[in-house]
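Before any comments, here is the structure.
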Amino acid sequence: MMGMAEYVIETENLVKVYRDRSGEVRALDGVTVRVPKGVLFGLFGPNGSGKTSLISILVGLQLPTSGSARVLGYDCVRESIEIRRRVGLLPENYGFYEYMTARENLEYLGKLDGLPAQELKRRIPEVLELVGLREWADAKVKGFSRGMTQRLALAQALLKDPELLILDEPTLGLDPQGTAMFKKLVEQFVKLGKTVLISTHLLHEIGHVCTHAALLRKGKVIAQGSLEELAKAYREAKGYSYELAVAGGAEELLRELKGVNGVTYVGLENDLIKVRAGRDIGGELAELAAKYRIRSLVPLAPSWDELYQFYQGGGWE
Amino acid sequence: MGVMEKALIVARKEIAENLKSIRYWAIIGLFVLLYIASTYAIGFAVRGFRGLAIGGRARTVLQLSNQVVNALTYIAPLLGIALGFGAIAAEREKGTIRLVLARPIYRDDLINGKLIAAVALIVLAIALSTALAVPLAVAMQNVNVTSEDFTRLALLVLPATLLALAFYALSLFASVYAGRSSHALVVSLVLWIFFTFILPIIAAFIAFQILGPPPAIPFNATRPFGQGLPRQLQEYFTRYNQVVSSIQLVSPTARFSSLASALFALRPQSDVYEELATALARRWIDVAVLATYIAVFLIASYIVFLRRQETR
Numbered sequence: 003m004m005g006m007a008e009y010v011i012e013t014e015n016l017v018k019v020y021r022d023r024s025g026e027v028r029a030l031d032g033v034t035v036r037v038p039k040g041v042l043f044g045l046f047g048p049n050g051s052g053k054t055s056l057i058s059i060l061v062g063l064q065l066p067t068s069g070s071a072r073v074l075g076y077d078c079v080r081e082s083i084e085i086r087r088r089v090g091l092l093p094e095n096y097g098f099y100e101y102m103t104a105r106e107n108l109e110y111l112g113k114l115d116g117l118p119a120q121e122l123k124r125r126i127p128e129v130l131e132l133v134g135l136r137e138w139a140d141a142k143v144k145g146f147s148r149g150m151t152q153r154l155a156l157a158q159a160l161l162k163d164p165e166l167l168i169l170d171e172p173t174l175g176l177d178p179q180g181t182a183m184f185k186k187l188v189e190q191f192v193k194l195g196k197t198v199l200i201s202t203h204l205l206h207e208i209g210h211v212c213t214h215a216a217l218l219r220k221g222k223v224i225a226q227g228s229l230e231e232l233a234k235a236y237r238e239a240k241g242y243s244y245e246l247a248v249a250g251g252a253e254e255l256l257r258e259l260k261g262v263n264g265v266t267y268v269g270l271e272n273d274l275i276k277v278r279a280g281r282d283i284g285g286e287l288a289e290l291a292a293k294y295r296i297r298s299l300v301p302l303a304p305s306w307d308e309l310y311q312f313y314q315g316g317g318w319e
Numbered sequence: 214m215g216v217m218e219k220a221l222i223v224a225r226k227e228i229a230e231n232l233k234s235i236r237y238w239a240i241i242g243l244f245v246l247l248y249i250a251s252t253y254a255i256g257f258a259v260r261g262f263r264g265l266a267i268g269g270r271a272r273t274v275l276q277l278s279n280q281v282v283n284a285l286t287y288i289a290p291l292l293g294i295a296l297g298f299g300a301i302a303a304e305r306e307k308g309t310i311r312l313v314l315a316r317p318i319y320r321d322d323l324i325n326g327k328l329i330a331a332v333a334l335i336v337l338a339i340a341l342s343t344a345l346a347v348p349l350a351v352a353m354q355n356v357n358v359t360s361e362d363f364t365r366l367a368l369l370v371l372p373a374t375l376l377a378l379a380f381y382a383l384s385l386f387a388s389v390y391a392g393r394s395s396h397a398l399v400v401s402l403v404l405w406i407f408f409t410f411i412l413p414i415i416a417a418f419i420a421f422q423i424l425g426p427p428p429a430i431p432f433n434a435t436r437p438f439g440q441g442l443p444r445q446l447q448e449y450f451t452r453y454n455q456v457v458s459s460i461q462l463v464s465p466t467a468r469f470s471s472l473a474s475a476l477f478a479l480r481p482q483s484d485v486y487e488e489l490a491t492a493l494a495r496r497w498i499d500v501a502v503l504a505t506y507i508a509v510f511l512i513a514s515y516i517v518f519l520r521r522q523e524t525r
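So the protein sequences, as listed, match chains A and B.
Just so we're aligned, residue 3 is where the first sequence starts under this note's numbering, counting upward by one.
Just so we're aligned, residue 214 is where the second sequence starts under this note's numbering, counting upward by one.
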């Protein structure tokens with residue numbers, strides 16, 4: 003059912019308006035997003051930017067006010083059950099049956115996923131192992147910490163071995179160890195050719211694992227694409243940054259670097275030379291690297307945080 | 214996967230959850246206690262009737278059945294409410310609904326599963342508590358009970374299930390509609406209080422306003438007890454009962470009482486039960502009203518739940 007373009011998620015001018023007695027809120031205001039297959043895609047924006055509304059529409063928990071959305075080639079309104087057969091979701095606000103054990107919760111949810119008993123028997127220990135909860139399999143969820151519950155939530159999303167994993171604020175409540183486990187897991191998942199959509203406002207925690215992103219603000223997409231695509235405009239406006247690793251005796255190199263046309267800053271810190279330039283000087287640096295036997299030359303990409311601030315012209319708000 | 218497979222998965226989980234819950238067993242315990250307490254209360258009356266040598270064995274059983282019906286009038290709705298008020302609202306509060314609805318499950322499967330579980334749990338609770346309490350009550354009062362009496366008492370499970378399901382449907386609708394389970398519980402309890410305690414008072418008040426006070430009858434100390442009331446007083450109470458019954462036609466608890474009492478109807482001037490089919494055929498309206506409550510509020514629950522968007 004995948005389209006020719008191989009986008010796992012495609013939305014077109016999606017609008018979501020919530021109405022209540024106090025008026026109406028436009029949570030999504032003409033959102034058009036394309037998520038390519040096999041990437042780690044970030045949905046970045048502050049609280050209230052429309053991330054959770056978008057995800058809820060994608061899996062059929064909510065209906066759009068207007069516009070269209072397709073996931074894995076299926077229409078989000080008419081074929082949402084087909085989407086839910088193939089998508090693993092970790093929602094932002096969720097809960098487990100607390101009087102039931104981790105295993106019993108997964109058994110129940112796995113049965114609702116349509117997994118046969120034999121497969122569940124094999125799969126449950128696997129996913130619990132993946133998230134580091136194997137020894138807690140038969141403990142009641144009531145006694146779980148926030149971090150353990152978040153791990154279990156990730157386990158339930160992985161249970162059906164989905165084609166697409168949608169994670170809404172996945173690192174909320176995780177300790178640094180849990181966050182590291184989580185990053186490793188999603189990267190492994192993508193290596194299998196699958197797609198992960200991560201929605202977060204904690205760019206510094208999880209954003210850097212994403213290779214592509216859509217930046218949301220007040221229900222609108224302010225930019226989207228791969229890190230390289232989005233960094234291009236940033237670099238053109240803010241300049242290019244590079245890092246050269248040297249092995250001592252770099253005075254001559256430093257002098258040469260300062261003389262390169264367009265270079266605005268050169269600094270040496272612990273055998274690392276940082277260079278900033280108003281234009282792309284990658285070619286010149288490669289020539290110098292060969293001449294001075296530089297250990298490595300890395301063009302620095304801006305962080306997602308920097309990109310977000312650049313595209314929206316300020317901080318989160 | 215079969216059509217109802219997902220609903221059955223939900224039902225099995227719901228049944229297991231309730232069988233492990235204190236709330237469910239507390240209601241069954243309350244039921245048994247209420248039976249026993251009622252039996253104690255009627256003990257004097259039963260002995261009194263025996264002493265006066267009026268009525269027969271069946272009349273003694275009638276006293277017992279009245280207490281059972283009374284107990285069911287209070288407890289069966291509470292059982293329905295206990296199972297219904299949190300059915301959807303509590304899942305929303307706990308956030309489990311987002312994990313469940315993120316699965317390939319139709320929303321009506323979720324309600325179907327909860328309904329199947331509710332029917333099973335209601336039948337089990339009523340049957341179990343009746344099976345525990347009635348023999349106990351019979352033994353305590355030393356009543357001579359025939360197999361026909363036991364059959365009639367056992368058949369009470371059916372109208373009691375209808376009553377419990379009517380209140381289950383009401384509170385399920387409240388649960389689907391309300392944002393919080395506490396709101397659903399309050400609405401359900403208010404309806405229960407209204408139908409059980411307030412509507413009978415309103416009905417009596419209206420009947421009194423329409424008919425005025427009963428006619429004054431001179432006291433006749435020579436008329437033996439139970440020999441019947443004067444004709445004009447009988448007419449007054451017949452009309453009074455008609456007005457009260459008309460007003461209480463919409464009350465599920467009143468309809469249950471009427472239907473349940475029909476199970477123990479005796480043939481005129483006899484100690485023998487009326488044919489079940491004959492007795493129940495006269496009370497089809499009670500079945501219809503209870504069935505209407507169940508159908509209307511279940512359909513309303515489906516419609517609201519299918520349209521409702523889970524925004525939290």
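By construction, the Cβ of each residue, glycine as well, lies at the ideal position given by its N, Cα and C atoms.
Item                                                                                                              : Value
Amino acids of chain A, ordered along the chain, whose beta-carbon sits closer than 8 Å to that of E523(B)        : S58, L63 and Q64
Delimiting residues of the beta strand (DSSP E) encompassing G52(A)                                               : G52(A) -> no beta strand (DSSP E), and no H or E assigned at all.
Amino acids of chain B, ordered along the chain, whose beta-carbon sits closer than 7 Å to that of R105(A)        : By Cβ distance, chain B contributes nothing, its closest Cβ being about 14 Å from R105(A), past 7 Å.
Min CB distance A155(A) to chain B below 9 Å                                                                      : yes
Three or more C-beta pairs below 8 Å linking the segment 222-230 of chain B and the segment 103-117 of chain A    : yes
Pairwise C-alpha distance: G221(A) and Q311(A)                                                                    : 16 Å
L246(A) versus L217(A): straight-line alpha-carbon distance, rounded                                              : 30 Å
Exposed unless 16 or more other CB atoms sit within 10 angstroms - verdict on R468(B)                             : buried
I335(B) versus K193(A) - alpha carbon distance                                                                    : 51 Å
Closer than 9 Å to chain B by CB, M102(A)                                                                         : yes
Euclidean distance between Cα positions of K18(A) and G62(A)                                                      : 13 Å
Any chain B beta carbon closer than 9 Å to V89(A)                                                                 : yes
Cutoff 9 Å: E84(A) Cβ touching any chain B Cβ                                                                     : yes
Reduced DSSP secondary structure (H/G/I, E/B, other) of I267(B)                                                   : Since pLDDT at I267(B) reaches only 44, below the 50 mark, its modelled position is unreliable, and the value read off the structure follows with that caveat. Coil at I267(B), not helix or strand.
Alpha-carbon spacing of A330(B) relative to G134(A), whole angstroms                                              : 34 Å
Beta strand (DSSP E) segment containing Q234(B), residue limits                                                   : What sits at residue 234(B) in the sequence shown is Ser, not Gln. From DSSP, S234(B) is part of no beta strand (DSSP E); its letter is neither H nor E.
E238(A) (DSSP reduced to helix, strand or coil)                                                                   : helix
Among D170(A), V129(A), K162(A) and L108(A), the one whose alpha carbon lies nearest that of K142(A)              : L108(A)
DSSP bridge partner residues for Q226(A) (one or two, in chain order)                                             : A216(A)
Straight-line Cα distance separating D362(B) from A266(B)                                                         : The pLDDT assigned to A266(B) is 43, lower than 50, so where the model puts this residue is not dependable, and the model offers no usable value.
Residues that N15(A) contacts on chain B, provided the C-beta gap is smaller than 7 Å                             : By Cβ distance, chain B contributes nothing, its closest Cβ being about 20 Å from N15(A), past 7 Å.
Contact with chain A by I267(B), beta-carbon distance below 9 Å                                                   : Reliability of the predicted coordinates at I267(B) is poor, the pLDDT of 44 falling under 50, and no value is obtained from them.
Best match in I318(B), A303(B) and P317(B) for proximity to E100(A) [C-alpha to C-alpha]                          : A303(B)
Cβ neighbours of S470(B) in the same chain (closer than 7 Å, five flanking residues each side left out)           : V282 and T286
CA-to-CA distance, E106(A) to H396(B), given in whole angstroms                                                   : 29 Å
Under the three-state DSSP convention, the category T374(B) falls into                                            : helix
Pairwise C-alpha distance: I228(B) and L91(A)                                                                     : 27 Å
Contained alpha helix (DSSP H) runs [length at least 4] in the segment 437-474 of chain B, N- to C-terminal order : 444-460
Local conformation of P348(B) per DSSP, three classes                                                             : helix
DSSP-derived helix/strand/coil call for I512(B)                                                                   : helix
For R305(B) and G268(B), the rounded distance between their alpha carbons                                         : Residue placement at G268(B) is poorly supported in this model, since its pLDDT is 49, which falls under 50; the coordinates are not used for a value here.
Residue-level contact to chain B via CB, G149(A), 9 Å cutoff                                                      : no
A29(A) vs G52(A) beta-carbon contact at 9 Å                                                                       : yes
Residue-level contact to chain B via CB, K113(A), 9 Å cutoff                                                      : yes
Start and end residues, beta strand (DSSP E) containing D31(A)                                                    : G25 to V33
Which residues DSSP lists as bridging T103(A), in chain order                                                     : K142(A)
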